[in-house]
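Colleague:
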Amino acid sequence: MLPETPLQRPPLVRGPEKWVAGVCTGVARHLDVDVRAVRIAMAVLTVFGGAGVLLYAWLWIFVPRAGETDRARSISEAGKRSVSSAVVQQKQQDLNAAEEPAQVNRNIAGRELLAGALLLVVAALLAATIFGFSVEWRIILPAAAIVVGAVTAWLQLDADRRGDLRKSVGAERWIGAIRLIAGLVLVVGGALALLTGVVPVDSLVSGTLIAVAILAGVVLVLLPWALREWRRFVAERSAGWRAAERAEIAAHLHDSVLQTLALIQRRADDPAMVARLARSQERELREWLYGDQEDVAADLFANIKREAGRIEDDFGGEISIVSVGSTPSELPGAEALLHATREAMLNAVKHGGGKVSVYCEAAPERIEIFIRDHGPGFKISDIPEDRRGLKDSIVGRMERHGGTARVASTPEGSEISLQLPVTAHEQEKTA
1 MLPETPLQRP PLVRGPEKWV AGVCTGVARH LDVDVRAVRI AMAVLTVFGG
51 AGVLLYAWLW IFVPRAGETD RARSISEAGK RSVSSAVVQQ KQQDLNAAEE
101 PAQVNRNIAG RELLAGALLL VVAALLAATI FGFSVEWRII LPAAAIVVGA
151 VTAWLQLDAD RRGDLRKSVG AERWIGAIRL IAGLVLVVGG ALALLTGVVP
201 VDSLVSGTLI AVAILAGVVL VLLPWALREW RRFVAERSAG WRAAERAEIA
251 AHLHDSVLQT LALIQRRADD PAMVARLARS QERELREWLY GDQEDVAADL
301 FANIKREAGR IEDDFGGEIS IVSVGSTPSE LPGAEALLHA TREAMLNAVK
351 HGGGKVSVYC EAAPERIEIF IRDHGPGFKI SDIPEDRRGL KDSIVGRMER
401 HGGTARVAST PEGSEISLQL PVTAHEQEKT A
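And the structure:
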């Protein structure tokens, strides 16, 4: 019977208390053993063909230092988050809680199977030694070190990352699994060939010393520059995320709050209209701040029609919408396309007058939307600098999400065409 709250093993990270890089400290904390035992095991493995040194170096490279994962996660969340939703978080927690027992059962079963296989291998080796069979420990111990390191790294990944890794190497299909196993066999075989004397020891030692000396010199020269460039890259990336987030917030405020305030100023003599606009704006802001973040791409054209109805109710006019095709279930930039279309329809109703025609088409390679009015037309150069609706809320928003926005205006009317390309991934899914 499983316990109600299974113990959580600490993550495998290099600890701050270190002699060299903190690898032994991190492994000891992760396995809940004495750090001295881990250091002794590393030293013993080093005697057998340098397996301990290779394992230590491998863990040093691929295991993050304590605190690095938290900083990376905070930077990523700071760039990608919008205004958080308590309702969405609660629903996600409920889903995770429902899936957690099954996931825990699978993890425990897999680890028990792995431990059983390891015990069987150890028992077979001991039995072979007892009955006088020759056991090549110089081959077995380095191989065991490589396997233990690989398994430790694999167990460190969560379920999502394991699934992504299997998909990236094609291991979900049997052909991809065969390729993966063959590659691992070649890599492990090459490492064992170096460790077991297939390559002459003198050549191996001299080549290793030369390579270490060259690499040490290169590292000493390039390490300060590489660290500086990496910090600059991280800072620029986080700054770009913050700038994009500020631009999205500014565009949303222009589309909603500023437009409503301008209407309230013009309708100040109509208290009923002012109250209706205020209630509508309050409802929209509450939905944006705290409401469920619906999947806009799943029903993009329906959402455009809904926005057109709201514009007709709030500002009058008539908007006719024709849609052809269906949008992909997952379309990056769909929300930006929806907001840009809404802003274009709003401008057409307010400044164009008369009937507004909207044509939406979903092609395999792109989504296209055309908004046309029959007003007097305008010139982009005549738009005052303080009026940022067309430049920021339509053109700028589409460009930030990989799309395009074109404006064509004549004395007989204006037309805004919006295009958002469908990624290659989506084309494969719809094929």
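Under full-length UniProt numbering, the letters of the sequence shown match residues 1 to 431, in that order. Yeah, the Cβ is synthetic: ideal placement off N, Cα and C, and Gly gets one too.
Contact defined as beta carbons within less than 8 Å: I believe Phe301 pairs with Ser323. What is the distance between those atoms, to the nearest angstrom?
Modeller: Confirmed, about 4 Å.
Colleague: Can you tell me whether Ala124 is buried or exposed, with buried defined as 16 or more other CB within 10 angstroms of its CB?
Modeller: Per the 10 Å Cβ criterion, exposed.
Colleague: Nearest by alpha-carbon distance to Val23: which of His30, Arg14, Leu31, Arg29 is it?
Modeller: Checked all of His30, Arg14, Leu31, Arg29; the closest Cα to Val23 is Arg14.
Colleague: Could you check where the alpha helix (DSSP H) with Glu412 kicks off and where it finishes?
Modeller: Taken as a continuous stretch (DSSP letters only), Glu412 belongs to no alpha helix (DSSP H), as it is neither H nor E.
Colleague: Between the segment 249 to 261 and the segment 329 to 344, are three or more C-beta pairs nearer than 8 Å?
Modeller: Flag = yes, the segment 249 to 261 and the segment 329 to 344 touch.
Colleague: Going by DSSP, what residue range makes up the alpha helix (DSSP H) through Lys355?
Modeller: Careful: Lys355 lies outside any alpha helix (DSSP H), inside the beta strand (DSSP E) at 355 to 362.
Colleague: Tell me which same chain residues have a C-beta within less than 8 Å of the C-beta of Ile140, skipping the five on either side of it?
Modeller: The residues are Leu125.
Colleague: Residues in its own chain within less than 8 Å of Leu277 by CB, not counting five upstream and five downstream?
Modeller: The residues are Thr260, Leu263, Ile264, Arg267, Asp314.
Colleague: CA-CA distance, Ala247 and Tyr359?
Modeller: The alpha-carbon atoms of Ala247 and Tyr359 are separated by roughly 27 Å.
Colleague: Can you tell me the Cβ-Cβ gap for Ala244 and Arg400, rounded? I've got them flagged as a contact below 8 Å.
Modeller: Indeed, because the Cβ distance is near 6 Å, the residues count as touching under 8 Å.
Colleague: Can the beta-carbon of Gly333 be found closer than 9 Å to that of Gly403?
Modeller: In this structure, Gly403 lies closer than 9 Å to Gly333 by Cβ.
Colleague: Please say whether Gly316 and His374 have beta carbons closer to each other than 9 Å?
Modeller: Their beta carbons are not under 9 Å apart, which means His374 does not touch Gly316 by this criterion.
Colleague: If we count Cβ pairs, one from each stretch, closer than 8 Å, do we get three or more for the segment 390 to 400 versus the segment 360 to 369?
Modeller: No, the segment 390 to 400 does not touch the segment 360 to 369.
Colleague: Count the other CB atoms, across all protein chains shown, that sit within 10 Å of the CB of Ala336; report buried if there are 16 or more and exposed otherwise.
Modeller: Label assigned to Ala336: buried.
Colleague: Going along the chain, which residues of its own chain have a beta-carbon closer than 7 Å to the beta-carbon of Val33, five neighbours each way excluded?
Modeller: Excluding sequence neighbours, Val33 sits near nothing in its chain.
Colleague: Could you check whether Ile371 and Gln419 sit closer than 9 Å to each other, using their CB atoms as the reference points?
Modeller: No, the pair does not count as a contact, with Cβ atoms beyond the cut-off.
Colleague: Any heavy atom of the ligand ZN inside 8 Å of the beta-carbon of Val122?
Modeller: This structure lacks the ligand ZN; in fact it carries no ligand of any kind.
Colleague: Mark Val38 as exposed unless 16 or more other C-beta atoms lie within 10 angstroms of its C-beta, in which case mark it buried.
Modeller: The residue in question, Val38, is buried, as its Cβ has 16 or more Cβ neighbours within 10 Å.
Colleague: Would you decide whether Ser206 is buried or exposed? Buried here means 16 or more other CB atoms lie within 10 Å of its CB.
Modeller: Exposed.
Colleague: Helix, strand or coil: which one does DSSP assign to Thr25?
Modeller: In this structure, Thr25 counts as helix in the three-state DSSP scheme.
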